[in-house]
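The block underneath contains the structure these notes are about, expressed in structure tokens.
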Amino acid sequence: MKLRRIAAWSAATLVLLLVFAAYLQPEVAFTLANQLWNCF
Amino acid sequence: MKQVLLCGAMIVTLSMGIRHGFGLWLQPITMDRGWTRETFAFALAIQNLSWGIAGPFAGMLADRYGAFRVLIVGSLFYAGGLVLMALATSGLAFTGSAGLVLGLAQSGTTYAVVYGVIGRNVAPEKRSWAMGVAAAAGSFGQFLMVPVENWLIGSFGWQNALFLLGCLALAIVPLAFGLKEPAATKATGFQQSIGSALREALSYPSFLLLMAGYFVCGFQVVFIGVHMPSYLKDHGLTPNVATTALALIGLFNVVGTYVAGSLGERMPKKYILSTIYALRAVVIVVFISVPLTPMSVYVFASTMGVLWLSTVPPTNAVIAQIFGVQYMSMLGGFVFLSHQVGSFLGVWLGGRLYDATGSYDVVWWIAAGLGVFAAIVNLPVREAAITRVAQRAA
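For the protein sequence lines, the chains are A and B, in the order given. Position one of the first sequence corresponds to residue 1 (the numbering used here), numbered consecutively onward. Position one of the second sequence corresponds to residue 41 (the numbering used here), numbered consecutively onward.
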């Protein structure tokens, strides 16, 4: 049970970090930098 | 409980996520159609207002006829609105589709409607945690969909990207069946009419205090979201700093909403809310007082990210605790309307005072002052269940 919980939290952290990394891709960063205020 | 939580979380991930990247369509649509930015911005402003105004009515319908029906209609509106947004060739048609129809769709597919079902199907002691999970899912949707939608536009063109999102919005339909409640769930306990529930809430001081706090939440979050990039640019920081700040807010928002919901299991929610608003005020004052550097922006974005939508689970959990869950969606819709009025003022006043004074300083101080105000007004909130005359007589 504890192992499953650790695995689930690790997977969630990994997904969050992967999405975070997607923001830092140069082409994504360029588009967002131009249109940032519209994303809210 | 697992099914309600899983389906509810996935619905909120989709509904909050899809709308969050709409700004990415500004350049392709305005260039392709030959419209001004004002046409696009006006439609999004109408969308936010109609989302807020329709919220209580969508909540009312969900409480009365079942959330799953409202979610299905909302999903159809969402898909239809996205398709019409892609096909609109006039400013009026664009405002009607991207503004009105999508605003109505969001009112039927977001937090208030889903929280009503969670409230009725999760044990009171686990309710705040469950709302935290759903809010974290919505925050994750926002965080995830911006790069995804950017990729869709780049790969398939802006129009096809909207059609694809329309198909994605239809995924809410099967998920809605996971929130179908048996009639017995709704019929148990003290029964009250919609009008009586509304009069009761609007005359109960604690409900008005929660609405005041949520107004501040909307003001701060949307002011920062919309105006911070310009603020950073005015101070000579590169656009990449603003993009990283956006990513940090998104990342820590997921963490903050979950933590706030979990804390609600262990301590009075009014103290959680009061602390969140007080911390926002402190963080804003520190941010505008220290020299502006990329590092100060990243620290600000990370801490504000933790505090971003973390007000959502405790606010809704307190409403359920005070008034019960029979009309939770409707009451949640009312506090959200207050949030949207605050959002509108945050955007508008930010621009207005910038034009009048030549800087954002005054608005930053207003945002900090409102944080102190919200921290104070949440303290006297009475979290105990309301005692009703009819219940006492029974």
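We put the CB at the ideal spot given by N, CA and C, even for glycine. Computed from a predicted structure; not experimentally measured.
Between the Cα of residue i and the Cα atoms of the options, which residue gives the shortest distance?
i, options, result
"Cys-207(B)", "Gly-120(B), Lys-42(B), Ala-408(B)", "Gly-120(B)"
"Ala-29(A)", "Asn-280(B), Val-44(B), Phe-117(B)", "Asn-280(B)"
"Pro-96(B)", "Val-261(B), Ile-234(B), Ile-406(B)", "Ile-234(B)"
"Gly-373(B)", "Gly-345(B), Leu-101(B), Gly-131(B), Gly-265(B)", "Leu-101(B)"
"Gly-159(B)", "Leu-122(B), Leu-219(B), Glu-78(B)", "Leu-219(B)"
"Ser-130(B)", "Gly-156(B), Ala-85(B), Thr-79(B), Gly-258(B)", "Thr-79(B)"
"Tyr-244(B)", "Thr-427(B), Thr-53(B), Leu-215(B), Ile-58(B)", "Thr-427(B)"
"Leu-54(B)", "Glu-423(B), Ala-241(B), Tyr-151(B)", "Tyr-151(B)"
"Pro-420(B)", "Asp-395(B), Leu-127(B), Phe-247(B)", "Phe-247(B)"
"Leu-14(A)", "Ala-98(B), Arg-77(B), Leu-184(B), Ser-90(B)", "Leu-184(B)"
"Gly-364(B)", "Leu-66(B), Met-125(B), Asn-161(B), Ala-94(B)", "Asn-161(B)"
"Gln-199(B)", "Ala-128(B), Leu-142(B), Val-256(B), Gly-265(B)", "Ala-128(B)"
Establish whether the CB of residue i and some CB of chain A are separated by less than 8 Å.
i, result
"Thr-79(B)", "no"
"Thr-284(B)", "yes"
"Pro-279(B)", "yes"
"Asn-190(B)", "yes"
"Val-294(B)", "yes"
"Pro-187(B)", "yes"
"Thr-53(B)", "no"
"Phe-183(B)", "yes"
"Ala-287(B)", "yes"
"Leu-64(B)", "yes"
"Leu-250(B)", "no"
"Leu-291(B)", "yes"
"Met-56(B)", "no"
For chain B, find out if any of its Cβ atoms is closer than 8 Å to the Cβ of residue i; answer yes or no.
i, result
"Leu-14(A)", "no"
"Ala-22(A)", "yes"
"Ala-29(A)", "yes"
"Leu-32(A)", "yes"
"Leu-3(A)", "no"
Classify residue i as buried or exposed, calling it buried when 16 or more other Cβ atoms lie within 10 Å of its own Cβ.
i, result
"Asp-103(B)", "buried"
"Tyr-105(B)", "exposed"
"Ala-201(B)", "buried"
"Ala-21(A)", "exposed"
"Ala-1(A)", "Correcting the residue type first, residue 1(A) is Met in the shown sequence and not Ala. So Met-1(A) counts as exposed."
"Glu-165(B)", "exposed"
"Arg-239(B)", "exposed"
"Trp-9(A)", "exposed"
"Gly-139(B)", "buried"
"Pro-269(B)", "buried"
"Gln-231(B)", "exposed"
"Val-330(B)", "exposed"
"Val-154(B)", "buried"
"Met-41(B)", "exposed"
"Gly-276(B)", "exposed"
"Leu-24(A)", "exposed"
"Gln-260(B)", "buried"
Which runs of the alpha helix (DSSP H), 4 residues or longer, sit entirely within the stretch 173–218 of chain B?
198–209, 212–217
State whether the stretch 328–347 of chain B contacts the stretch 145–156 of chain B, with contact taken as three or more CB pairs (one from each stretch) at a distance under 8 Å.
No: fewer than three Cβ pairs fall under 8 Å.
Assess, as a yes-or-no matter, whether the stretch 289–305 of chain B is touched by the stretch 400–418 of chain B under the definition of 3 or more beta carbon pairs within less than 8 Å.
Segments in contact, no.
Taking 8 Å as the threshold, find out whether the stretch 175–195 of chain B comes into contact with the stretch 306–319 of chain B through three or more Cβ pairs.
Short answer: they don't touch.
Spell out a yes or no on whether the stretch 42–54 of chain B and the stretch 172–181 of chain B are touching, meaning 3 or more CB-CB pairs, one atom from each, closer than 8 Å.
Taking a cut-off of 8 Å on C-beta distances, the stretch 42–54 of chain B touches the stretch 172–181 of chain B, as three or more cross pairs fall below it.
Any contact of the stretch 339–358 of chain B with the stretch 293–302 of chain B, i.e. 3+ C-beta pairs under 8 Å?
yes
Quick check: the stretch 67–80 of chain B against the stretch 357–366 of chain B, are there 3 or more CB pairs under 8 Å?
Result no; under three Cβ-Cβ pairs closer than 8 Å.
Would you call the stretch 247–256 of chain B and the stretch 377–385 of chain B touching, i.e. three or more CB-CB distances under 8 Å?
A contact is defined here as three or more CB-CB pairs under 8 Å, and the stretch 247–256 of chain B meets this definition with respect to the stretch 377–385 of chain B.
Entirely enclosed beta strand (DSSP E) segments - the stretch 293–369 of chain B, minimum 3 residues:
none
Taking 8 Å as the cut-off, does the stretch 208–218 of chain B touch the stretch 111–130 of chain B (at least 3 CB pairs, one atom from each stretch)?
Yes, they touch.
Enumerated in chain order, which unbroken segments of the alpha helix (DSSP H) with a length of 4 residues or greater are wholly contained in the stretch 378–429 of chain B?
401–418
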